[in-house]
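**Q** Numbering (our numbering), first residue to last: 293 to 512.
1. Taking 8 Å as the cut-off, is the C-beta of residue 504 nearer than that to any heavy atom in the ligand MG?
2. Taking just the CA atoms, how far does residue 428 sit from residue 442?
3. Is residue 511 helix, strand or coil when you go by DSSP?
4. Can you give me the C-alpha to C-alpha distance between residue 360 and residue 382, rounded to a whole angstrom?
5. Could you compute how far the alpha carbon of residue 408 sits from the alpha carbon of residue 456?
6. Within a Cβ cutoff of 7 Å, which residues of the same chain sit near residue 426, ignoring the five residues on either side of it in sequence?
7. Check whether the segment 402-421 and the segment 371-382 touch, using three or more Cβ-Cβ pairs below 8 Å as the test.
8. I'd like the span of the alpha helix (DSSP H) that includes residue 448, first residue to last.
9. Would the beta-carbon of residue 474 fall within 9 Å of that of residue 448?
10. Kindly give me the distance between the Cβ atoms of residue 515 and residue 464, rounded to whole angstroms, as I take these residues to be in contact under 8 Å.
11. To the nearest angstrom, how far is it from the Cα of residue 366 to the Cα of residue 490?
12. At which residues does the alpha helix (DSSP H) containing residue 465 begin and terminate?
13. Beta-carbon separation of residue 436 and residue 412 under 9 Å?
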């Protein structure tokens, strides 16, 4: 559980760093946006340097173009694209922060499974991808008596881990059971498997399989 929290925190910190990088880069070129527009309006195509550019900072547009690996005429378009990227990363950061807070609070307020008996855990990552589900499920392999089902709503995938001491259940079978209920398919071995299905149906399918396992004697 602590490992899971640290992984989610690391993801948030990584996104913060990426956003900070793009914001610094954006600041470097944004000051030259007006100069670039003036360049195009006052004769950039003819090769003449606009008076407004030389009067302000003749090297600003050149520096911006160099940073963006573009010609001066392309700077406005590149700045707009950079701005969109920053906004997208900011949105991703907010989603990651919210998801981390939800997962942390859920872990903080829930009872840990009894490590002495076979148990099943379902984790839903609404904005996650297969890579996220795989990483979490692989970490859960350390839980020798646990079955862990991770669904990722971002791309409609799932991953399943079955501990080494679990008897009577294989990861591939559990993954196929979940995926089939969600209109998809899955495959894998006895301890680890992946698959996919309808993203909206996967969480309910995972809970249905969890309930079936509970009926078979697994704790939650």
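Where a beta carbon is used, it is the ideal one built from N, C-alpha and C, also for glycine.
Bear in mind the structure is a predicted one, so any value in this text is a computation, not a measurement.
**A** From the atom records:
1. Ligands are entirely absent from the displayed structure, and the ligand MG is therefore not among its contents.
2. Between residue 442 and residue 428, the C-alpha separation is close to 7 Å.
3. Secondary structure at residue 511: strand, using DSSP grouped into helix, strand and coil.
4. Distance from the CA of residue 360 to the CA of residue 382, rounded to the nearest whole angstrom, comes to 20 Å.
5. If I take the Cα positions, the gap works out to 13 Å.
6. Excluding residues within five positions, the ones whose Cβ falls inside 7 Å are 451, 486.
7. These segments do not touch.
8. Neither: residue 448 is in no alpha helix (DSSP H) and is coded neither H nor E.
9. A contact, by the Cβ cut-off of 9 Å.
10. In the structure as shown, the chain starts at 293 and stops at 512, and residue 515 therefore has no counterpart that could be examined.
11. As the crow flies, the alpha-carbon of residue 366 is around 41 Å from that of residue 490.
12. Element bounds for residue 465: 463-473.
13. Taking 9 Å as the Cβ cut-off, residue 436 and residue 412 do not qualify as a contacting pair.
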